[in-house]
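Numbering (full-length UniProt numbering), first residue to last: 1 to 384.
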């Protein structure tokens, strides 16, 4: 009996030691940090991945260098196929390590690819258990793999530079989760940031540069139908209550120069109405700004001048929103403004009746503006 008890105690002591039986060493893994999707002339998907290189070894032409000028931190590898699984299988045959996707935080899709439709390819990233839904998604004007091949001087890799770019919130940003919600949304329209390469500094190698956001891609049912510039993008952000940064410069008629203001706080509410036809939407905006430059002789401490400046600010914001409607609602007829979702929330029964005709109804909606602007601080200076 004593011997039996001793055996049980010994066996029990070994149980905790089984906790590392499935441990995977870093040197046995190909850790994906960035993904680029292109489509070649034959219609095949070209999947290019940025792989973390712990030792910084390998051919330096395939990846970037760290900020200290040391060894390369990433390498690039590609696979091709008629579908994502087939492209991944081709990629796996070229890698002696197990592919790990859960560190991929940047996905770049070429414009040519996006114009053919990206819904099926994104479905892979959603269904696969490893890729992060918080990964940022971008559309590139040229080949996506060219963006992933860049060697930024301030960041360790191209994907890390893209993450910083998205987190700056200068223009549009969208995660994989955001994109899937837009694709499943009531309107079927979505908007993604577009990136391109900055020209390298004089005397620097072609890849020693970074990407930058310069436009936004507009998609319908997962296919890119066009793009909008920076000003229209900021208008879209106002409609979507996503504006974070905005500098507005005005020139009052009575003034002898320009006055520039920086957004401190902005809030947008969309108020739909379904009484009669066409449908109506009231855009209510409250914005608080600071003066950051005054080139005029106006004394902004005087109430009359301050009210005149706030009026100019309201007119400038309304002009930006009107220009956005002309492009997005009238020309592109893509509801990336969130109108459909607001009608669904407030009038769910009515929405069921008009949902099927939304693509015809959206361009006809009458939009009114209710904008209240306040200038909080007028700044210091000889003129103010």
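All residues carry an ideal CB built from backbone N, CA and C; glycine is no exception.
Starting from residue 318, trace the alpha helix (DSSP H) in both directions and tell me its first and last residue.
The count along the chain shown starts at 1 and reaches residue 318 at position 318. Per DSSP, residue 318 belongs to the alpha helix (DSSP H) from 303 to 324.
Endpoints, the beta strand (DSSP E) within which residue 138 is located | In the chain shown, residue 138 corresponds to position 138, counting from 1. Element bounds for residue 138: 136 to 140.
With DSSP as the reference, identify every bridge partner of residue 36, one or two as the case may be. For this step, residue 36 is matched to residue 36 along the chain shown. Residue 36 pairs with 48, 108.
Practice prompt. Could you give the DSSP three-state label for residue 362: helix, strand or coil?
Written response: Looking up residue 362 in the chain shown gives position 362. In this structure, residue 362 counts as helix in the three-state DSSP scheme.
Element boundaries [alpha helix (DSSP H), containing residue 85]
Numbered from its first residue, the chain shown carries residue 85 at position 85. Here the alpha helix (DSSP H) through residue 85 covers 84 to 93.
Tell me whether the segment 209 to 229 and the segment 104 to 123 touch, counting them as touching only if at least three CB pairs, one residue from each stretch, are closer than 8 Å.
yes
Rounded separation between residue 343 and residue 273 - CA only: In the chain shown, the residue the question calls residue 343 occupies position 343. In the chain shown, the residue the question calls residue 273 occupies position 273. Rounded to the nearest angstrom, the two C-alpha atoms are 8 Å apart.
For residue 151, the first and last residue of its enclosing alpha helix (DSSP H): Position 151 of the chain shown holds residue 151. Per DSSP, residue 151 belongs to no alpha helix (DSSP H) and is neither H nor E.
(message) Could you check whether residue 111 and residue 38 sit closer than 7 Å to each other, using their CB atoms as the reference points?
(response) Along the chain shown, read from residue 1 onward, the residue named residue 38 stands at position 38. Along the chain shown, read from residue 1 onward, the residue named residue 111 stands at position 111. Contact: no.
| request: Measuring alpha carbon to alpha carbon, tell me which of 150, 174, 178, 233 ends up nearest residue 210. | output: Counted from its first residue, the chain shown places residue 210 at position 210. Residue 150 is the option with its Cα nearest to residue 210.
(message) I'd like to confirm the pairing. Which residues does DSSP put opposite residue 228 in its beta bridges?
(response) As a position in the chain shown, residue 228 is number 228, starting the count at 1. Beta-bridge pairing links residue 228 to 216.
query: Taking contact to mean at least 3 C-beta pairs separated by less than 8 Å, is the segment 155 to 175 in contact with the segment 119 to 131?
result: Pairwise C-beta distances place the segment 155 to 175 out of contact with the segment 119 to 131, as fewer than three of them are shorter than 8 Å.
Among 233, 250, 212, which has the Cα closest to the Cα of residue 200?
-> Within the chain shown, numbered from 1, the residue matching residue 200 stands at position 200. Between residue 200 and the set 233, 250, 212, the nearest pair of CA atoms involves 212.
Notebook entry, point to check: Does the beta-carbon of residue 137 have 16 or more other beta-carbons within 10 angstroms, so that it is buried, or is it exposed?
Noted result: If you number the chain shown from 1, residue 137 lands on position 137. Residue 137 is buried by the Cβ-count criterion.
Can you find the residues in the same chain that come closer than 6 Å, C-beta to C-beta, to residue 182, ignoring five residues on each side of it along the sequence? Taking the chain shown and counting its residues from 1, the one referred to as residue 182 is at position 182. Listed in chain order, the non-local C-beta contacts of residue 182 below 6 Å within the same chain comprise 190, local neighbours out to five positions each way being set aside.
Could you check the C-alpha separation between residue 302 and residue 363 for me, to the nearest Å? The residue given as residue 302 occupies position 302 in the chain shown. The residue given as residue 363 occupies position 363 in the chain shown. Each residue's alpha carbon lies about 43 Å from the other.
### Query
Per the contact definition of three or more C-beta pairs closer than 8 Å, is the segment 370 to 380 in contact with the segment 286 to 300?
yes
Quick check on the burial criterion: 16 or more other C-beta atoms within 10 angstroms. Buried or exposed for residue 312?
Position 312 of the chain shown, counted from the start, is the residue given in the question as residue 312. Looking at its Cβ environment, which holds 16 or more other Cβ atoms inside 10 Å, residue 312 is buried.
Mind checking residue 33: buried by the 16 CB within 10 Å criterion, or exposed? As a position in the chain shown, residue 33 is number 33, starting the count at 1. Classification for residue 33: buried.
In this structure, how does DSSP classify residue 348 when only helix, strand and coil are distinguished?
One-based indexing of the chain shown puts residue 348 at position 348. The answer is helix: DSSP assigns residue 348 an H, G or I state.
Subject >> Bridge-paired residues (DSSP) for residue 161 >> reply: As a position in the chain shown, residue 161 is number 161, starting the count at 1. In the DSSP output, where bridge partners are listed per residue, residue 161 has none listed.
Inset, instruction - Pull up the DSSP beta-bridge partners for residue 261, would you. - result: Translated into the one-based positions of the chain shown, residue 261 becomes position 261. Looking at the DSSP assignment, residue 261 forms a beta bridge with 248, 291.
**Asked** In angstroms, rounded to a whole number, what distance separates the CA positions of residue 368 and residue 284?
**Response** For the purposes of this step, residue 368 is identified with residue 368 of the chain shown, where counting begins at 1. For the purposes of this step, residue 284 is identified with residue 284 of the chain shown, where counting begins at 1. If you take the alpha carbons of residue 368 and residue 284, they lie about 9 Å apart.
Requested in this report: Would you identify the three-state DSSP class for residue 176, choosing helix, strand or coil?
Outcome: On the chain shown, residue 176 is found 176 positions in, with the first residue counted as 1. It is helical.
Review point. Buried or exposed: where does residue 258 fall if 16 or more other Cβ atoms within 10 Å of its Cβ makes it buried?
Key: Taking the first residue of the chain shown as position 1, residue 258 is located at position 258. Exposed, because fewer than 16 other Cβ atoms sit within 10 Å of the Cβ of residue 258.
Taking only three categories from DSSP, how would you classify residue 341?
Here the question's residue 341 lines up with position 341 in the chain shown. Residue 341 falls in the helix class under three-state DSSP.
- request: Indicate the three-state DSSP secondary structure (helix, strand or coil) for residue 368 in the structure shown.
  value: In the chain shown, residue 368 corresponds to position 368, counting from 1. In the structure shown, residue 368 sits in a strand (DSSP, three-state: E or B).
*Distance, Cα to Cα, residue 333 vs residue 317?*
Locating residue 333 in the chain shown gives position 333, counting from the first residue. Locating residue 317 in the chain shown gives position 317, counting from the first residue. Straight-line Cα distance between these residues: approximately 22 Å.
Residue range of the beta strand (DSSP E) that residue 98 falls in?
Your numbering for residue 98 matches position 98 in the chain shown. Note, residue 98: beta strand (DSSP E), 98 to 100.
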